[in-house]
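Data block below; observations after.
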Amino acid sequence: MKVRDVMTKDPVVCVSQNSALDAAWLMRTYNYGCLPVVSGPTTRRLVGIVTDRDLCMAVIPRGAAPNAVIVATAMTAAPVTCHPDDEVESCAGLMRRYSVRRIPVVDENGACVGLVSHTDLARRCEAEIVMPTERAFAGTMA
Amino acid sequence: MQVCEIMRHDPVVCFPDDTAEVAARTMREHGTGILPVVRRNSGGQVIGVVTDRDLCLRVVGEGRDPLAVQVAECMTSAPVCCGPRDDIQYALLLMREHQVRRLPVVDSDYRIGGVVCLSNLVNSYLAAETLVETLRATCYPVHRELTVSR
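The listed protein sequences derive, respectively, from chains E and P.
First residue of the first sequence? That's 1 in our numbering, and the numbers climb one at a time after it.
First residue of the second sequence? That's 143 in our numbering, and the numbers climb one at a time after it.
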């Protein structure tokens with residue numbers, strides 16, 4: 001099974017100049033836990049990834065205004081990625097190795113074409129593929 | 143196996159009148175994404191749970207001032223809980239039924255004793271299929287608006 005078989009195609013994305021408010025609004029409206037950050041609406045070259053927790057921590061502990069903080073401040077730049085033709089096992093391995101639950105999917109040009117999460121793997125793959133990844137999170141409160 | 147054997151004991155908590163700023167700082171300091179919310183001067187009686195996602199969506203997503211929003215406005219009230227002597231199979235069933243992957247663990251007076259996460263259960267004797275079924279169930283919330291995410 002390939003990543004392209006389980007991923008969310010053409011996910012909702014944002015750009016690094018978006019405010020934290022915009023990004024959080026997108027997450028709420030489309031029920032996402034993280035958004036790929038791309039260079040622009042047409043090229044969609046991946047530059048980072050931002051999670052709901054990233055936005056929370058970039059804004060709230062310092063009492064900042066949500067529209068005054070930009071995604072660039074909150075995101076992880078140059079994240080781990082995978083390719084649509086990768087096998088799901090290798091994708092699960094990446095999640096385990098880097099302790100992440102979602103991985104953006106990019107094509108040969110580095111454009112974001114999808115997003116794959118550990119729950120996508122849980123829905124579509126055998127338990128043996130999913131379980132080692134879940135074990136990697138066993139000590140956390142995630 | 144009982145919940146108390148695998149839960150995280152004495153979790154850090156917050157109060158309903160804490161600001162979002164206090165709650166987020168606490169989560170960051172303690173490396174957690176969830177805080178049981180307890181009533182003041184009650185010996186830790188649980189009245190809600192608040193997550194980093196709740197804070198993101200309700201404070202950042204609504205453009206509100208983190209110093210002006212209280213935890214009570216962001217939390218899920220009357221959360222599903224389990225007891226320390228419950229079997230872990232029962233905890234798993236609750237998670238599946240209510241589509242959550244973490245449960246506060248409370249005594250008969252609803253006082254907090256711990257938190258049990260689906261990720262705590264993966265190293266237990268429970269079959270991989272059962273655990274993955276629960277994980278699948280937490281993917282699509284039926285009626286809770288803002289909590290479970292992609």
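Just so it is clear, CB atoms sit at the ideal spot from N, CA and C, and this is done for glycine as well.
Remember, predicted model here, so these are calculated numbers, not experimental data.
Considering only beta carbons, the part of the segment 53-72 of chain E lying closer than 9 angstroms to chain P consists of ARG53, ASP54, LEU55, CYS56, MET57, ALA58, VAL59, ILE60, PRO61, ARG62, GLY63, ALA64, ALA65, PRO66, ASN67 and VAL69, in chain order.
For the 9 angstroms CB-CB criterion, E/GLY110 and E/LEU46 form a contact. Taken atom to atom, the span from the alpha-carbon of P/ARG181 to that of P/ASP160 is near 11 angstroms. Among the CB atoms of chain P, one or more fall inside 9 angstroms of the CB of E/THR119. Within chain E, the residues whose beta carbon sits less than 7 angstroms from that of P/GLU163 are ILE60, PRO61 and GLY63, listed in sequence order. Residues of chain P with a Cβ closer than 8 angstroms to the Cβ of E/ALA111 do not exist, since the nearest Cβ in that chain sits about 20 angstroms away. For P/CYS281, the C-beta contacts it makes with chain E under 9 angstroms involve SER117, THR119, ASP120, ALA122 and ARG123, in order along the chain. Scanning chain E for C-beta atoms nearer than 7 angstroms to the C-beta of P/GLY205 yields LEU21, PRO66 and ASN67, reported in chain order. The beta carbon of E/VAL80 lies closer than 7 angstroms to those of LEU94, TYR98, VAL100 and ILE103 in the same chain, with the five residues before and after it left out. The continuous beta strand (DSSP E) containing P/PRO246 extends over residues 244-248. DSSP places P/HIS240 in the helix class (H, G or I) of the three-state scheme. Residue contact with chain E for P/PRO226: absent (no Cβ-Cβ distance below 9 angstroms to any residue of chain E). E/GLU108 counts as exposed, since fewer than 16 other beta carbons sit within 10 angstroms of its beta carbon.
Interface residue (Cβ-Cβ distance to chain P less than 9 angstroms): E/GLU128 is classified as such. Within the segment 173-253 of chain P, complete alpha helix (DSSP H) segments of at least 4 residues are found at 194-197, 213-216 and 230-240, given in chain order. Nearest in C-alpha terms to P/VAL248, of all of P/ASN265, P/HIS172, P/THR174 and P/VAL179, is P/VAL179. Residues of the same chain with a CB within less than 8 angstroms of the CB of E/ILE70, apart from the 5 flanking positions on each side, are SER16, GLN17, ASN18, SER19 and ALA20 in chain order. Distances from the CA of E/GLY40 to each of E/ILE49, E/VAL13, E/CYS125 and E/GLY63 were compared; the closest alpha carbon is that of E/VAL13. By the criterion of at least three beta-carbon pairs nearer than 8 angstroms, the segment 143-150 of chain P is not in contact with the segment 186-196 of chain P. Three or more Cβ pairs closer than 8 angstroms define a contact, and the segment 158-176 of chain P meets that threshold against the segment 194-209 of chain P. Contact check for E/LEU55 against E/ALA24 passes: the beta carbons are separated by less than 9 angstroms. Residues of chain E with a Cβ closer than 8 angstroms to the Cβ of P/LEU268 do not exist; the shortest Cβ-Cβ separation is about 11 angstroms. The DSSP-derived three-state label of P/PRO158 is coil. In chain order, GLY190 place their CB closer than 6 angstroms to the CB of P/SER219, counting only its own chain and leaving out the 5 sequence neighbours on each side. Residue contact with chain P for E/GLU134: present (Cβ-Cβ distance below 9 angstroms to some residue of chain P).
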